[in-house]
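S.K.: Quick one: structure below, then a few questions.
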Amino acid sequence: MVGFIPREEILSNLRKKIDAGEPIVIAGVSLGETAKAAEAGGADLLLFYTSGRYRMMGRGSLVGMLPYENANDLTLNMAIEIAPVVEKTPVIAGVCATDPFISVRTFLGELRELGVSGVINYPTISMYGEEFMKMLEYQGITYELEVNMIKDARKLGMLTTPYAFSAEEAEKMAGAGADIIIIHAGYKRPLPSIEETIEKVRKIVEAAKKVNPNVLMIAHGGPIVDPESFRKVYEKTDVVGFMGFTAIERVPAIKAIQESVRSFKAVKKQ
């Protein structure tokens with residue numbers, strides 16, 4: 000079982016890999032078995048949150064943004080499932096920092112005790128879009144609560160890997176002391192082109208680096224769906240790695256299962 004690993008130790012190991020010219024891969028995992036597989040494949044970090052679990056249930060990602068289940072309760076259950084089967088790779092959990100019914104600091108401590116080494120702000124109100132986000136913030140459900148969660152996690156010695164959907168959010172998270180900022184390139188359809196995504200990533204990296212030159216930037220989402228699309232972003236921006244859920248966990252599993260079934264169906268008597 001992997002235990003809690005201090006952020007300084009994790010960052011030291013990551014920077015050695017970056018200096019050696021190796022991209023950082025954060026594997027989105029939703030089940031104990033896929034966490035074990037991602038670790039065996041060499042993932043640098045294992046990250047889990049609600050939407051990943053719903054995807055593996057055959058539902059859409061945005062189910063994780065709707066009130067069907069308590070997000071932090073699900074996170075806790077996923078931590079109990081995943082952390083014990085991971086051998087040595089740091090585990091990162093999604094925290095809904097806007098939950099008005101919990102003490103976020105207490106919840107962070109619970110995750111830490113379970114062997115979770117870091118956190119990401121998910122579910123995040125940034126997913127709702129500008130208009131609904133304004134209404135939420137009017138009622139005190141603010142992005143600032145997510146920023147404060149990152150500050151609290153850092154005080155506990157946890158690795159902080161928040162999402163940023165914009166340059167403004169990247170500046171706020173860099174100012175909060177985030178170790179790694181995961182640039183969300185978007186989820187709306189139709190997806191932006193890879194060229195548009197590269198430009199967006201550059202702007203967000205620049206904004207974050209102005210606040211903290213040492214923050215590590217990771218690409219995720221949008222048209223970055225496979226190694227080739229990641230390579231284009233990796234080569235033309237200052238991101239140091241990739242975070243993927245669907246690209247690493249869901250799609251490969253679907254393809255492997257389909258191929259396995261087809262192979263058995265193709266068997267004929269001689």
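For the sequence shown, numbering that gives the first Met the number 0 gives the first residue as 0, with consecutive numbering after it. Just so you know, even glycine gets a beta-carbon here, dropped at the ideal spot from N, CA and C.
#1: Let me know if F164 comes out buried or exposed under the rule of 16 or more other beta-carbons within 10 Å of its beta-carbon.
#2: So, does the stretch 53 to 60 touch the stretch 97 to 112, judging by three or more C-beta pairs under 8 Å?
#3: Enumerate in chain order the residues of its own chain whose CB-to-CB distance from D151 is below 7 Å, with the five nearest sequence positions on each side excluded.
#4: Indicate the three-state DSSP secondary structure (helix, strand or coil) for N69 in the structure shown.
#5: Where E129 and I193 are concerned, what is the direct C-alpha to C-alpha distance, given to the nearest angstrom?
#6: Can you grab the Cα-Cα spacing for the pair I23 / I91, in whole Å?
#7: Helix, strand or coil for Y162? Go by DSSP, reduced to three states.
#8: So what does I180 bridge to, in DSSP terms?
#9: Tell me which same chain residues have a C-beta within less than 8 Å of the C-beta of K202, skipping the five on either side of it?
#10: Between which two residues does the alpha helix (DSSP H) containing V210 stretch?
#11: Going straight from the alpha carbon of N12 to that of D18, what length do you get?
#12: Looking only at C-alpha atoms, which of M242, P191, N213, K199 sits nearest to G221?
#13: Work out the CA separation of M0 and V85 for me, nearest whole Å.
#14: Can at least three beta-carbon pairs, one atom from the stretch 233 to 243 and one from the stretch 210 to 225, be found at a separation below 8 Å?
#15: Please report the straight-line C-alpha distance between V94 and I256, rounded to a whole angstrom.
#16: Run the CB neighbour count on N76, radius 10 Å, all protein chains shown included, and call it buried at 16 or more, exposed below.
#17: For M185, which of Y137, I179, S125 has the nearest alpha-carbon?
#18: Give me, in chain order, the residues of the same chain whose beta-carbon lies closer than 7 Å to that of N213; leave out the 5 immediate sequence neighbours on both sides.
#19: Count the other CB atoms within 10 Å of the CB of K267; is the residue buried (16 or more) or exposed (fewer)?
#20: Pull up the distance between the alpha-carbon of R111 and that of Q269, whole angstroms please.
#21: Restricting to Cα atoms, I'd like to know which of L65, G31, L46, P66 is closest to P83.
#22: Between the Cα of K207 and those of E21, Y162, K133, V224, spot the shortest distance and give me the residue it belongs to.
#23: Looking only at C-alpha atoms, which of V210, I81, G139, K154 sits nearest to M172?
#24: With DSSP run on the structure shown, which of helix, strand or coil describes F42?
M.R.: Inspection of the coordinates gives the following:
#1: Position 165 of the sequence shown, counted from the first residue, corresponds to residue 164. Classification of F164: buried, given that the 10 Å Cβ count is 16 or more.
#2: no
#3: The residue labelled residue 151 in the question sits at position 152 within the sequence shown. Once the five neighbours on either side are set aside, the close Cβ partners of D151 are V103, R104, L107.
#4: Mapped onto the sequence shown, residue 69 falls at position 70. Residue state, collapsed to three classes: coil.
#5: Reading the sequence shown from its first residue, position 130 is the one you call residue 129. Reading the sequence shown from its first residue, position 194 is the one you call residue 193. If you take the alpha carbons of E129 and I193, they lie about 23 Å apart.
#6: Here residue 23 refers to the residue found at position 24 when the sequence shown is read from its first residue. Here residue 91 refers to the residue found at position 92 when the sequence shown is read from its first residue. The straight-line gap from Cα to Cα measures roughly 14 Å.
#7: Within the sequence shown, residue 162 is the residue found at index 163, counting from 1. Here Y162 sits in strand by DSSP.
#8: Here residue 180 is taken as the residue at index 181 of the sequence shown, counted from 1. Its beta-bridge partners are M216.
#9: Here residue 202 refers to the residue found at position 203 of the sequence shown. Cβ neighbours of K202 beyond the five flanking positions: A166.
#10: The count along the sequence shown starts at 1 and reaches residue 210 at position 211. First-last of the alpha helix (DSSP H) with V210: 193 to 210.
#11: To locate residue 12, count along the sequence shown from 1; it is residue 13. To locate residue 18, count along the sequence shown from 1; it is residue 19. Cα-Cα distance, rounded: 10 Å.
#12: Working through the sequence shown from its first residue, we reach residue 221 at position 222. The option with the nearest alpha carbon to G221 is P191.
#13: For the purposes of this step, residue 85 is taken as the residue at position 86 of the sequence shown. For the purposes of this step, residue 0 is taken as the residue at position 1 of the sequence shown. Roughly 5 Å separates the two Cα atoms.
#14: yes
#15: Position 95 of the sequence shown holds residue 94. Position 257 of the sequence shown holds residue 256. Going from the Cα of V94 to the Cα of I256 covers about 31 Å.
#16: The sequence position of residue 76 within the sequence shown is 77, counting from 1. N76 should be labelled exposed.
#17: Taking the first residue of the sequence shown as 1, we reach residue 185 at position 186. Here residue 185 turns out to be Gly, not Met, going by the sequence shown. If we check each option's Cα against that of G185, S125 comes out closest.
#18: The residue you call residue 213 lines up with position 214 of the sequence shown. Contacts found: none.
#19: Within the sequence shown, the letter at position 268 stands for residue 267. Exposed, by the Cβ-count rule.
#20: Taking the sequence shown and counting its residues from 1, the one referred to as residue 111 is at position 112. Taking the sequence shown and counting its residues from 1, the one referred to as residue 269 is at position 270. Approximately 58 Å between the Cα atoms of the pair.
#21: Translated into the one-based positions of the sequence shown, residue 83 becomes position 84. The shortest Cα separation from P83 among L65, G31, L46, P66 belongs to G31.
#22: Within the sequence shown, residue 207 is the residue found at index 208, counting from 1. It is Ala, not Lys, that sits at residue 207 in the sequence shown. It is Y162.
#23: Here residue 172 corresponds to residue number 173 of the sequence shown, with the count starting at 1. The candidate whose alpha carbon is nearest that of M172 is V210.
#24: Along the sequence shown, read from residue 1 onward, the residue named residue 42 stands at position 43. Residue identity check: residue 42 is Ala in the sequence provided, not Phe. Looking at A42 - three-state DSSP - the assignment turns out to be coil, as it is neither helix nor strand.
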